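What follows is a short report on a single structure.
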Amino acid sequence: MRVISRAIVIGNGVAGAQNQCIGLLRAMDRYTLYRVNRHKLRWLPYNVHKQLVEWIRGKPAKKLMPFPADARYIAKAAHPTFGRDGPILVVASGHDTITIASSIKNLVPDNVFLVQIQHPRSRLHRFDLVITPQHDYYPLSPEAREQIPLFLRRWVTPRKPPDKHVVLTVGALHQADSDALRSAASAWHDEMALLPKPLLVVSVGGPTRHCRYGADLAMQLTASLKSVLPTCGSIRISFSRRTPKIVSEIILTELSNHPKVYIRNDQDPNPHMGHLALADAFVITADSVSMLSEACSTGNPVYVIGAERCTWKFSHFIRTLHSRGAVRPFTGTENICEKWECVPLDDTEKAVGEVIKAVAERGWRLLPYSTRDPNQLPTKYCEGDDGIREVPLAKNLANLVMEVSLNSTDKAGLEIHRVDERYEKNDLAKNLASLVQESYEVSNKESKPKTRVEIKRFLEMRIKKKVKAQYRNGKYHDLMMKVIADPSTLKDAYDCIRLTSNVDLALDGDDLPFSAIAEELADGNFDVGAHTYSMRSKGPKFKKEELVLPELKLRVVQEAIRIVLEVVYRPHFSRISHSLRSNRDHWSALKYICKEIPDPDWWFTLPINKNLDDSILQKLLSSMEGKIEDPVLCDIIKDMFKARVLNVEFGSFPKGHGLPQEGALSPILINIYLDLFDREVYRMSMHYETSHTLGFEEQKMHSKLRGWFRKQISGSSLQQRDSGMDSGVRIHCCRFMDEVFFAFSGSKEVALAFKSEIEGFLKNSLYLEVDDKSDILASNDPRGVIFLGTLVRRHVKETPALRAVHKLKDKVKIFAEQKQESWDAGALRIGKKWLAHGLKKVKESEIKQLADTSSILHKISYYRRSGMKTDHWYKVLLKIWMRHVNAKSVGNEEKLLTKLVVEPALPQELRDAYFEFQKRAKEYVDSESSSTLALLTGSSSSPKPLFTTETVVPLNVLMKRLHRYGLTNREGYGRPCYVLILLDHDQIIDWFTGILHRWLRWHRGCNNFNEVKHLICDQVRMSCIRTLVVKYRIHESDIEKKFDSEPSRIPSTEDIELEEAITELIPPEYNFDGALMYGIQYSGLCSLSLARMVSESRPCYCFVIGCSALVSCVYTLHVMERQKFPAWKTGFSSCIHPSLHRRRIGLCKKHVKDLFLGNISLQSIGFGTWR
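In structure tokens, the structure reads:
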């Protein structure tokens, strides 16, 4: 009896089809798996396809796969190894795989067992087993026969009922078995298990040929979900890749602001398996057989919406589920807390039993391969686009053991008919081989190294489990004693600091006594003040300020407290807040303002300014008592406040930029404190929105539930409507740390009242100071508002006709500018020739044979000093002439020559023609601009203009920063940066590349990014080249030849035009997590200069926390700008504390590069190493 121990899955590239094959094999859990896909040009032979790929790419293609999806290759792999390894189980799914699967069966019928999933429609004898859902035979039903025209019936398949080797299932096969759900429940426990129950999961698919829907289904779904919200604890909604944009937008508009509803973002990890494992009920659109099959296998209630829109076999499938009691229609009247008894679908287990039975009929059997984690495919093979690579150690060992077994059996003269005993030995051999192979792979497998974000997430997860264990009676207890004062927690916190500093954990770090620190914390003997150091600002330019920073031991304790507090509070932060959470950073806040706030009338920011004092600290600690019961933790926070090392400042400097004065605990404490503000904003916005009734037309655009809620609360709506306050009030708020943005829809009087009330809450309840100078601006005000270092403003969305007008106007303007440049260049060339002619005349006057005694030049030569050289005399004459014509009022030398020398000498007709052309061109541009502006503002007959919100990079601010840091001159042209000349050439390149990386990442989505690209090419790139020119004293043209690989990292305009080039320019380490790498993603570039070299007699170690590498250079940090709030996001560190000015720091080459490229921030540097 032959044993099947290998399986080949043939896919068609569709995830749903391949999941059915993998689900079938997962349920068996016994195979060495080979997974192959048919290439896209499936009608081409494999060799021809490979040659075509090589020709297109222009280079030899990698080996596509040792077992490509080609019948001949798989047949060659099955036939020679049949005697040694037994037959192969081939599982195929999808209509596209029928040809190749049947060809394999035709080539080696005695060496493979072929299973085809999904109905092949005809000639079923080509397959050993066919697994297909019941609704594939729907065309044979009387109902379907009536729907098919008579002349088409002979062409509709299948035409025969199923025979004995066809296995009918209710739904689709899948991978959501008990082991997979158990693993998913563990993985998603922290995010979903603590949500209010019951948890309703809504899965929205997309329309298909036999199940069409659109906005009508979205409106029906949102209305029904609003009706069942009172019976739900929470709702999680996810979309598929097939979901139409209009459907998702309607659902987002109606439900995204509800506190019970979470709608998955495309950037978030796919929670599908977590939903299946932890949901209490499901609502699923009727278009997806796979999603319905998976949900019905969990045994929880499943509601279907849109079944009435399905036709043909889809409607038959829904009716079958309904008749089994597995699903019910979703109408909006359900009580989600209600459960009903239903038998879960077990199609996969049924299919496995039929496969085992059919294999036995062939005289073969299935052999249990190993007991492995069902979530992990066998690691014996490396899967990928390049194919599958086998390590034959285990099989060779298995063959050797079997050969020894057979030889010993033959020598003993035993009968071969003892089949069961033989196969027990085979089982032992293969299990032994599997065990050896697994140990071999663990030690030799080249696994992909984990990123520091993944490692830090793992370390914080270990601390998170300890924190969750202290949750009792609605609060967290004894966090200091049980969690923070634990040596393993402190060690993990120290490793988190090292990861933030981009230090390899495998290297030796500081030898910290974690046990002693934990003991001091537990006994209350940890002296906070003894583990701090202070720095004062120096020099007459800076105000005398002091900065207190923690030493390493206290820094580790602060990191542990930070992680614990984030575990407690991060899930409960309001949606207003955009910080300290994954995918909630600067860009998510700006994206929310641009995309999610519809047509505001007014907007304003609230500049908050206040340092932490006793009243704020007491308010903060009292608010923390609502979730944490731990007086020891509160006491150590008080000690840090007394030691002035807590560094909590509202305002003063922008947060999240990696500045040293922003302490480790400052972000989480600010967010905890301002969470009170977020909740008050939510309460006030609901009060204002419900107290001002919308007009009839505006009510139609908003949800009925919100309108009903507004009517129930607003008792004075009639009076307000009579008093003229009938305006649709909508309030949107966005907060990143202590920067707050408000957008208001409604009258200005109501907006001012709201602003006054919210400022009163900040001053009276939270004891914070608000800048009274900030005013409310109209949303269409061209000045815009400053938020998160960018300018937010609205502009009119142009129609195609206006774009055509602008295009023509721009063409005329560019043509006129080109003529202006040509005129100026020609005039300048003539002016230079005039200067050369004058110098020639002066020289001729010195020669007696050529001198003209009657000329003015000869007459004034009497004033020339004796011995004065010709060039000097000519300069004196030019100075006198320039003083006479008042050259200072003209401007630069080019204008002087053009206006005062060349143009007066040109023919009058030529001058008049040129100036008339420029005048007419300017008049045309001005007239078109004014007429376009009139069209945009709109008249009584023109339609209302449409406005869109955009973010703009402040180019003038960028230019000022480039000039301040020495990259450009006053005219804005690139110049050498002399501060960097003493650095190595690769460090100079890294410094300029750091500007590029920050601008590409921060400003890539801004509307004026094209201008930023020109700055990169014209100023930054040129400054880099000229800095290298000064350093090596060679010509600019030779720089890129000498360092061709380095300057190419600062691209030209043509390179940045390509989207792929921008993606390559942004390195992978910039894919930071907004929570785990807070302070690094938006850390600015600082200015360092070489202070001195380090000698062997006086060694110096790297100042970066956790790095013990020897350094070769000591650098001086330059503070180029004073602290400012709010500050522009320019790519430079604009608010470094003045006490750090001209501080000397030792950095190894690796961390100099990391600091320049933005992989670490100044917070990772221990400035207290030298005092």
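Residue 825 in our numbering sits at position 825 of the sequence shown, with consecutive numbering throughout.
From the three backbone atoms N, C-alpha and C, an ideal C-beta is built for every residue, glycine too.
Please read these numbers as outputs of a predicted model, since none were measured by experiment.
By the criterion of at least three beta-carbon pairs nearer than 8 Å, the stretch 291-304 is in contact with the stretch 318-332. Taking A816 as the centre and dropping the five residues before and after it, the same chain places the C-beta of Q918, A921 closer than 7 Å to its C-beta, in chain order.
For the 9 Å CB-CB criterion, F650 and N609 form a contact.
The way I'd put it, the stretch 563-572 does touch the stretch 659-676; three or more beta-carbon pairs between them come closer than 8 Å. Close CB contacts of F127 within its chain, under the 6 Å cut and outside five residues either way in sequence, are with L114, Q116 (chain order). Check the Cα spacing between A351 and each of P449, E629, C21: the tightest is with C21. Following the DSSP letters along the chain, one finds Q220 inside the alpha helix (DSSP H) bounded by residues 215-228. Two segments are said to touch when three or more pairs of C-beta atoms, one from each, lie closer than 8 Å; by this definition the stretch 1132-1147 touches the stretch 1105-1114.
L983 and P487 have their C-alpha atoms spaced approximately 41 Å apart. Using a Cβ-Cβ distance cut-off of 8 Å, the stretch 598-608 and the stretch 760-775 are in contact, since at least three pairs of beta carbons, one from each stretch, lie closer than that value.
Its chain contains Y138, A144, Q147, H210 as the residues whose beta carbon lies nearer than 8 Å to that of W312, once the 5 sequence neighbours on both sides are disregarded; these appear in chain order.
DSSP links R998 through a beta bridge to no other residue. A buried status is given to Y1082, since no fewer than 16 other beta-carbon atoms sit within 10 Å of its beta-carbon. In terms of Cβ geometry, F744 and R730 form a close pair [threshold 9 Å].
The C-beta separation of L766 from P667 comes to about 17 Å, leaving the pair out of contact by the 8 Å criterion. Here DSSP, grouped into helix, strand and coil, assigns G1146 to strand. Excluding the 5 residues flanking it on each side, T243 has same chain C-beta neighbours closer than 8 Å at V204, G205, G206, in chain order. With respect to A193, L278 sits close: the two C-beta atoms are nearer than 9 Å. A straight line joining the alpha-carbon of Y973 with that of R1021 spans about 11 Å. With contact defined as three or more Cβ pairs closer than 8 Å, the stretch 331-340 and the stretch 238-253 are not in contact. Ranking E909, D871, V283, M219 by CA distance to the CA of R236 puts V283 first. Linking Y914 to L835 through their CA atoms gives a straight-line distance of about 24 Å. In this structure, the alpha-carbon of K1129 lies about 17 Å from that of W991. Using a C-beta cut-off of 8 Å, the stretch 782-798 makes no contact with the stretch 847-866, since fewer than three inter-stretch Cβ pairs fall below that distance. When secondary structure is reduced to three states using DSSP, E662 falls in the coil class, being assigned neither helix nor strand. With a threshold of 16 other beta carbon atoms within 10 Å, Y262 meets it and is buried.
Annotation: M1093 is outside any alpha helix (DSSP H); the continuous beta strand (DSSP E) that includes it extends over 1087-1093. Unbroken alpha helix (DSSP H) runs of no fewer than 4 residues, entirely contained in the stretch 746-771, are found at 748-764, following chain order.
The DSSP assignment places complete alpha helix (DSSP H) segments of no fewer than 4 residues inside the stretch 581-666 at 586-596, 614-624, 631-642, in order along the chain. For R794, the enclosing beta strand (DSSP E) has its first and last residue at 790-796.
Annotation for S183: the continuous alpha helix (DSSP H) segment containing it runs 178-187. Taking a 10 Å sphere around the C-beta of D347, we find 16 or more other C-beta atoms and assign the residue as buried. Per DSSP, reduced to three states, the secondary structure at M1077 is coil, with no helix or strand assignment. Taken atom to atom, the span from the alpha-carbon of C1017 to that of E821 is near 21 Å. Put simply, the stretch 778-790 touches the stretch 944-953. At least three CB pairs are less than 8 Å apart.
In this structure, DSSP gives T99 a helical state, which the three-state scheme calls helix.
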